[in-house]
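Structure first, commentary second.
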Amino acid sequence: MLKKIFTGLLLLLALLIVAALAAYLYYWRPALAPVNPPAATAFSPQVVEKGRVLAGMGNCAACHTAKGGADYAGGHGLATPFGTIYATNITPDTQTGIGRWSLAAFQRAMREGVGRDGAHLFPVFPYTHFNLVSDADLTALYAYFMTRPPVYAVAPPNSVPFPLNLRPLQAGWKLLFFKPASYQLDAAQGQDWNRGRYLAEGLAHCAACHTPRNALGAELAGSSYLGASIDHWYAPALTSANTAPLPWTQDELYAFLRTGATALHGVAAGPMSDVVHEGMGASPDGDIRALSVYFAGVSGAGGRKVDVDAVIKTGIARSQRVSLVDNDRGASLYVAACASCHSNSDGQPVALRPELSLNSAVSAPDPANLIQVILHGLSRDEAMPGVLMPGFAASLTDNDVAQLAAYLRRSRSHQPAWTNLEALVARTRAGK
């Protein structure tokens, strides 16, 4: 019996080795010859400027710039379930950056996830989305990065354990989860919708955060934009599964993506604040409008009939009523710490006094965003620039924050209670 089991295990191991070798050979890519760095004058100012705007849409700086480091010089750690991967230097430095990369090498990295040396890139780099980007846009991005100041900077070694750190294994991952494609226009949809889809599915790689992933880190098939937890934040569903009291209409989406705030949903905080203000801040209104058109379609907002005024009136009345009658720790904390800025009288809410009965963070299935904002607040540079919300990490215990979050959930939403709140607060506070 043991001999049969041992033989079976050997056969299984042999099959796995053969499969891995086949995947590696199938995805083997040669190194591309280094080139001399092109002169900045090789690119027109118009193409470089286009690349700058596109780099913002892709939010490239967020990953490729370490805190306090030079722009695009790498070194920022990206936490994954498999370890920390450090973003590389994409300045035109010839030793540590991409200064010796040809346009062809740059395009191959973006579309196939393969470095100039032929090594497979980890899929934390979203080439699974960038492969949809057009030749013209990749050329503009290349022009922009090759005209940045070169910076000598070596990224720290990744902390991915053996054997997951072996680059050839990424070929097997690609065989399972990566299907190279180019963007195809949908003739049944309008110009704005197609432009929005091209940006969202490609360079902006929105699904990379807003789609849940499987055990191997690939986006779950059939679950696009259903929401996902990422870096102690919650990227909400962008489909009809979104639990916000009011639908994300085209106008609401535009206001949120353009300004970072809407009175009917809340503000862009955490990583999304960087996307809105640091990334897409340079994008033209037409592109922001196109994204809004596309995601309004994804969310099915047009088919959700809601009496907006009635929802607002009911929400504000509910907030006022519960604040008056509740007599528990969470309610007391709300009155002491929150009510002066978040209480609304009858009428339309305003972004400067966020109405929590309409707030997406309060109605979300995951309390992460609400916990983050209670603990750490909002700086003057995020959400609505110039407007500050203080954090309460120093003055409230984990239990206090949990009680306050539970109170807001109970009193200002119709969603089921969150569970294990105190433990979640402790992990968020510790950054674990």
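Going letter by letter, the sequence shown gives residues 388 to 819 in the numbering used here.
No residue lacks a Cβ here, since even glycine has one placed at the ideal position from N, Cα and C.
- In terms of Cα proximity to Ala615, the closest of Thr626, Thr598, Val760, Gly604 is Thr598.
- For Thr646, the uninterrupted alpha helix (DSSP H) segment begins and ends at 637-646.
- Distance between Asn731 and Pro772, taken at the CA atoms: about 22 Å.
- If one requires a minimum length of 4 residues, the alpha helix (DSSP H) runs lying completely within the segment 433-510 are 447-451, 490-499, in chain order.
- According to DSSP, residue pairing for Ser616 in a beta bridge involves Tyr621.
- In the three-state reduction of the DSSP assignment, Arg799 falls in the helix class.
- The segment 470-484 and the segment 528-546 touch, with no fewer than 3 CB-CB distances between them shorter than 8 Å.
- Taking the CA atoms as reference points, Tyr641 sits about 8 Å from Leu678.
- About 6 Å separates the beta carbon of Ala792 from that of Ile758, a gap short enough to meet the 8 Å contact definition.
- The beta carbons of Ala770 and Ala656 sit about 6 Å from each other, so the pair counts as a contact at 8 Å.
- With respect to the 8 Å criterion, Ala789 and Val760 are not classified as neighbours on the basis of their beta carbons.
- Under DSSP, no beta-bridge partner is assigned to Gly778.
- In the structure shown, Arg600 adopts extended strand secondary structure according to DSSP, grouped into three states.
- Using a Cβ-Cβ distance cut-off of 8 Å, the segment 660-671 and the segment 440-447 are in contact, since at least three pairs of beta carbons, one from each stretch, lie closer than that value.
- Straight across, the Cα-Cα distance linking Leu586 with Gly577 is about 14 Å.
- Sequence-distant partners of Ser660 (beyond 5 residues in either direction) whose C-beta falls short of 7 Å from its own C-beta, in its chain, are Gly647, Glu769, Ala770.
- Here Leu625 has His597, Tyr612, Phe682, Val685, Ser686 as same chain residues with Cβ atoms under 7 Å from its own Cβ, once five neighbours each way along the sequence are excluded.
- Taken in chain order, the segment 508-545 contains no complete beta strand (DSSP E) segment of 3 residues or longer.
- Restricting attention to Ala723, Gln707, Trp635, the CA atom closest to the CA of Val680 is found in Trp635.
- For Leu465 and Thr452, the gap between their C-alpha atoms comes out near 11 Å.
- According to the DSSP secondary-structure assignment, Val654 is paired through a beta bridge with Ala648.
- Close CB contacts of Gly690 within its chain, under the 7 Å cut and outside five residues either way in sequence, are absent.
- Around the beta carbon of Lys454, fewer than 16 other beta carbons lie within 10 angstroms, which makes this residue exposed.
- Contact between Pro537 and Gly486 holds, with the beta-carbon distance rounding to 6 Å and staying under 8 Å.
- For Val812, the uninterrupted alpha helix (DSSP H) run begins and ends at 808-817, by DSSP.
- Leu739 sits in coil when the DSSP states are folded into three classes, being neither helix nor strand.
- Setting aside the 5 residues that flank it on each side, Phe469 is surrounded in the same chain by Val547, Pro548, Leu551, Gly604, each with a C-beta closer than 8 Å to its C-beta; the list follows chain order.
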